[in-house]
Amino acid sequence: MTFTLRRLALATGCLLLAGNALAAEPKRPECIAPASPGGGFDLTCKLVQSALVNEKILSKPMRVTYMPGGVGAVAYNAVVAQRPADAGTLVAWSSGSLLNLAQGKFGRFDENAVKWLSAVGTSYGAIAVKADSPYKTLDDLVAALKKDPSKVVIGSGGTVGSQDWMQTALIAKAAGINPRDLRYVALEGGGEIATALLGGHIQVGSTDISDSMPHIQSGNMRLLAVFSEERLDDPEMKNIPTAKEQGYDIVWPVVRGFYLGPKVSDEDYAWWKDSFDKMLASEDFAKLRDQRELFPFAMTGEELDTYVKKQVAQYKVLAKEFGLIQDQPQ
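Heads up: the sequence shown is residues -23 to -1, 1 to 307, going by mature numbering (1 follows the signal peptide of the UniProt record, and there is no 0).
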C-alpha cells in the first residue's frame, strides 16, 4: 500500500469512528403515548421503558408522557412541526395510526413525514362487553343491531373511520347492516373504552385484546370475539372465540411500534435502530412482551418503512370501500 493510500485509509477510518461517536444515549429520553393513560399506547411505551433498561441500552428509564388527541394526530403534528430533530423522543404508533394516516386524519402530514423506527409486537382487535352482558356471542350482538342499532351504544377509539370503528363496521357489513346506522361514542383509546364499558356508559367496546386482558382476568369483562386467524396460543386467551369461527371472516392485527421525528440525524436514527434490533432479539424482551399480552412482530429500519407504506396503501383501499375518502381528481 502506498503512503497516500495509507493516509486515505486512516482518514476514512477516523471519519467512520467519528460518525459512530456522534450518536450516544440521549440525555433525557422520552416516550410519548398519544392517548390517555391505560391504553395500548401506554402499554407500548412502558414495555420498551422496561426493556431498554433491562438490556442496559439506557442507563435509566425513559419518561412516559401522554399527548391525547385525534388518536395520535396531536402527537404526530407536534413532533413533526415542533420537535422534528429531537433524537430523544420516541412516539408510539399502532395500526390504527396508519389507518388514520390513510384517511388524511393527521392533517397536512402523511406517512412520509416521520422516520419509522420499529415494530415491537402485535395484538388483535376484539369486541368487549361487561361480564353480565346479555350478549354472549357475535350473533347475539348482530341480532340486537338488526333489531334497533340505536339501542346499542358502541365505544370506540376515535370517530368514524378509526380502527375500532372499522372492526364493527366490518361486522355490520358482513351482517347486511349499514355501518352508518351504528351508534358510536368516540373515546381516546383502550383505557377510556374500558372505563366507559365497566361504568355502564356503553354496552359494547370495540378495542383490542391486550387492552382488555386485565379486565378479563379480574372477571369484569368478556370478549365476544378476537379478530385473529385462529384462537390465540395463550393459556388465558385460548377460550376466546375468533370472529372467523363464528362465521364472520374478519382478521384485524394491531401492530405496535415507534417512530422518530423527521429531522433526527442518520447517526441518532442508526443508534436507535441498533438498540431496538438488540432488544427485539432478547429472550428477556420476549418475556416482557408476553406479559403485556402482545405477540411477536419485530421489524425495524427500511423493512418497517416499506411495511408501513404498504399498509397505508391497503388501508386507503379499505377506506374508499366504506366511503371514508374519495378518489382524488387527476
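Glycine residues also receive a C-beta, built at the ideal position from the N, C-alpha and C atoms.
{"Query": "Cβ-based burial, Ser72 [other Cβ within 10 Å; buried from 16]", "Result": "buried"}
{"Query": "Buried versus exposed, by CB contacts within 10 Å (16 or more), residue 385", "Result": "Because residue 385 is not part of the residues shown, which for the chain are -23 to 307, the question remains open."}
{"Query": "Straight-line gap, Lys4 to Gly65 (C-alpha atoms, nearest Å)", "Result": "7 Å"}
{"Query": "Among Lys128, Glu260, Gly238, Gln268, the one whose alpha carbon lies nearest that of Gln59", "Result": "Gly238"}
{"Query": "Through-space distance from Glu280 to Tyr161, alpha-carbon basis", "Result": "36 Å"}
{"Query": "Inter-residue Cα distance where the pair is Ala105 and Asp116", "Result": "14 Å"}
{"Query": "Pairwise C-alpha distance: Met44 and Ala12", "Result": "6 Å"}
{"Query": "Alpha-carbon spacing of Glu7 relative to Leu67, whole angstroms", "Result": "6 Å"}
{"Query": "C-beta neighbour in chain C for Tyr101, strict 8 Å", "Result": "Here there is only one protein chain, and chain C is not present."}
{"Query": "6 Å Cβ shell around Gly49 - same chain, five flanking residues per side excluded", "Result": "Pro11, Ser74"}
{"Query": "Start-to-end residues for the alpha helix (DSSP H) that takes in Tyr53", "Result": "50 to 59"}
{"Query": "Leu147, enclosing alpha helix (DSSP H) - first and last residue", "Result": "140 to 151"}
{"Query": "Sub-8 Å separation of Ser183 and Asp211 beta-carbons", "Result": "no"}
{"Query": "C-beta contact flag for Thr21 and Val97 at 8 Å", "Result": "yes"}
{"Query": "The region 268 to 288 contacting the region 31 to 38, beta-carbon criterion three pairs below 8 Å", "Result": "no"}
{"Query": "Among Ala220, Met256, Asp87, the one whose alpha carbon lies nearest that of Glu207", "Result": "Ala220"}
{"Query": "Inter-residue Cα distance where the pair is Leu174 and Phe86", "Result": "33 Å"}
{"Query": "Distance between Asp158 and Pro126 (C-alpha atoms, nearest Å)", "Result": "6 Å"}
{"Query": "Given Asp245 as reference, the closest of Lys107, Ile217, Leu94 once Cα atoms are compared", "Result": "Leu94"}
{"Query": "Cβ contact check for the region 132 to 139 and the region 265 to 278: 3 or more pairs under 8 Å", "Result": "no"}
{"Query": "Local Cβ density within 10 Å of residue 309, reported as buried at 16 or more and exposed below that", "Result": "Nothing can be reported for residue 309, as the shown portion of the chain is limited to -23 through 307."}
{"Query": "Continuous alpha helix (DSSP H) stretch holding Ala10: start and end", "Result": "Careful: Ala10 lies outside any alpha helix (DSSP H), inside the beta strand (DSSP E) at 7 to 10."}
{"Query": "Completely contained alpha helix (DSSP H) runs for the region 201 to 279, where each covers 4 or more residues", "Result": "243 to 257, 260 to 268"}
{"Query": "Straight-line Cα distance separating Leu118 from Tyr112", "Result": "6 Å"}
{"Query": "CB of Val91 within 8 Å of CB of Ile131, strictly", "Result": "no"}
{"Query": "Selected residue, minimal CA-CA separation from Ser133, among His178, Lys297, Ser27, Val228", "Result": "His178"}
{"Query": "CB of Ser100 within 8 Å of CB of Ser187, strictly", "Result": "yes"}
{"Query": "Contact check, Leu200 vs Met143, beta carbons under 8 Å", "Result": "no"}
{"Query": "One or two residues paired with Thr184 in a DSSP bridge", "Result": "Ala103"}
{"Query": "Contact test: Ala202 Cβ vs the ligand COA heavy atom, cutoff 7 Å", "Result": "Absence of the ligand COA from the depicted structure is noted, as is the absence of any ligand whatsoever, leaving it without description."}
{"Query": "Bridge partner(s) assigned by DSSP for Met190", "Result": "Beta-bridge pairing links Met190 to no other residue."}
{"Query": "Which of helix, strand or coil DSSP assigns to Ala96", "Result": "strand"}
{"Query": "Supposed contact pair Gly166 and Gly16 - C-beta distance, whole angstroms, cut 8 Å", "Result": "3 Å"}
{"Query": "Other residues of its chain near Ile217: CB distance less than 6 Å, five sequence neighbours each side excluded", "Result": "Leu200, Val203"}
{"Query": "Nearest residue (CA-CA) to Lys297, options Asp251, Pro230, Gly81", "Result": "Gly81"}
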